[in-house]
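A short write-up of the structure that comes next.
Numbering (our numbering), first residue to last: 8 to 393.
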């Protein structure tokens with residue numbers, strides 16, 4: 008049963024382009040289906056999470072990550088009495104704007120765009136949903152509900168003085184997203200489901216890739232404790248099963264903490280309505296303080312041991328070089344871009360040109376970016392076995 012502070016689809020603030028309701032899906036379910044059928048969503052299966060897409064079949068990519076986030080978000084929302092469909096839609100769409108090669112590609116694009124507003128995958132996700140998807144005859148974008156769009160743009164909280172959000176600010180001026188306020192509880196759930204998924208699964212993938220050893224994990228006392236607990240019951244457990252059990256225990260641990268603290272907050276802050284969530288001075292959905300510190304420790308561990316590991320760093324450097332070179336290539340030779348993209352550039356407008364080039368590259372999959380790089384520069388993309 009949904010709580011009074013949940014976002015009900017029948018109370019949605021609606022869509023920019025009004026549409027007749029369907030008899031078999033609510034408005035948030037329609038949004039979910041549109042996201043799943045979007046071309047940008049299909050491309051996520053060939054975009055990096057941490058390990059470059061072509062390096063292994065069992066490492067996570069942006070699509071599997073998004074599906075895992077949506078699964079966690081649905082479970083959390085159901086337990087909290089929130090709209091599962093809204094949380095799922097936000098979770099599925101939150102990474103649509105990621106460039107090829109994950110955060111490495113994003114950093115390179117942001118550098119290329121530093122004199123033209125920068126680049127943010129969150130803002131680009133919003134641009135895809137409201138403009139860059141060209142599937143429908145009546146409108147550009149997916150014409151999603153206000154609540155889903157709000158959840159995407161506020162993935163990291165209220166939007167205040169974000170340099171790379173120029174497109175978002177222009178949209179907000181016309182349609183109003185209450186950028187200075189917090190998002191719905193469902194969107195907050197999706198945001199922390201993202202944290203839970205990526206720290207658990209990046210840790211799991213890094214062990215599988217032998218970037219991190221079990222000895223390395225000893226510095227994380229709570230993770231080391233899980234290892235001993237599992238081995239006490241299954242002394243001869245195979246590594247592949249142990250890896251999974253660690254991730255499983257950590258996921259449950261974080262979910263339990265989030266549910267405990269969020270329910271405390273809802274009660275202590277006397278949250279009664281959807282507006283109470285948005286107008287509160289801080290986020291309602293959060294971990295307990297002690298687990299929040301554990302999450303910080305894991306993120307720090309992943310940064311030091313995984314994201315800055317020399318083999319990951321090598322491929323990161325290669326990936327960023329691909330993005331930078333492609334960007335400069337299109338700046339100097341705009342005729343190499345497809346007509347459909349070139350026609351979107353405003354005449355004699357450098358800002359428009361740079362923005363469209365960034366949009367075009369951001370839409371590439373890892374393998375397409377590598378293929379373009381190889382075709383133009385006739386160089387191989389070295390395989391370091393990650």
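Ideal Cβ positions, reconstructed from N, Cα and C, are used throughout, including at glycine.
Under the 8 Å Cβ criterion, the region 211-229 counts as touching the region 306-317, having at least three qualifying pairs. In the three-state reduction of the DSSP assignment, residue 356 falls in the coil class. Taking 4 residues as the minimum length, the alpha helix (DSSP H) runs contained wholly in the region 141-179 are 153-160, in order along the chain. The beta carbons of residue 115 and residue 325 sit no closer together than 7 Å. Cβ neighbours of residue 117 within its own chain (closer than 8 Å, five residues either side excluded): 125, 126, 127, 171. Each of 158, 183, 210 was checked against the Cα of residue 189, and the nearest Cα belongs to 158.
Within the region 13-44, the complete alpha helix (DSSP H) segments of 4 residues or longer fall at 34-43, listed in chain order. For the set 178, 106, 109, 110, the Cα lying nearest the Cα of residue 138 is the one of 178.
One thing to note: residue 155 has its Cβ within 7 Å of the Cβ of residue 96.
Residue 83 and residue 255 have their C-alpha atoms some 16 Å from each other.
Less than 7 Å divides the Cβ of residue 336 from the Cβ of residue 383.
Per DSSP, residue 296 is one residue of the alpha helix (DSSP H) stretching across 296-309.
In this structure, 279 is the residue among 321, 279, 359 with its C-alpha nearest to the C-alpha of residue 13.
Here DSSP, grouped into helix, strand and coil, assigns residue 385 to coil. Nearest Cα to residue 24 within the set 380, 153, 10: 153. Distances from the CA of residue 39 to each of 74, 69, 67, 18 were compared; the closest alpha carbon is that of 74. Per DSSP, residue 272 is one residue of the alpha helix (DSSP H) stretching across 246-275.
Taken atom to atom, the span from the alpha-carbon of residue 292 to that of residue 199 is near 8 Å. Here residue 243 carries a coil assignment [DSSP, helix/strand/coil]. In the DSSP assignment, residue 205 falls within the unbroken alpha helix (DSSP H) covering 192-215. Linking residue 340 to residue 109 through their CA atoms gives a straight-line distance of about 25 Å.
Cβ neighbours of residue 358 within its own chain (closer than 8 Å, five residues either side excluded): 123, 124. CA-CA distance, residue 107 to residue 373, rounds to 5 Å. Between residue 265 and residue 193, the C-beta gap is not smaller than 7 Å, which leaves the two residues out of contact.
For the 7 Å CB-CB criterion, residue 80 and residue 98 form a contact. In terms of Cβ geometry, residue 211 and residue 250 form a close pair [threshold 7 Å].
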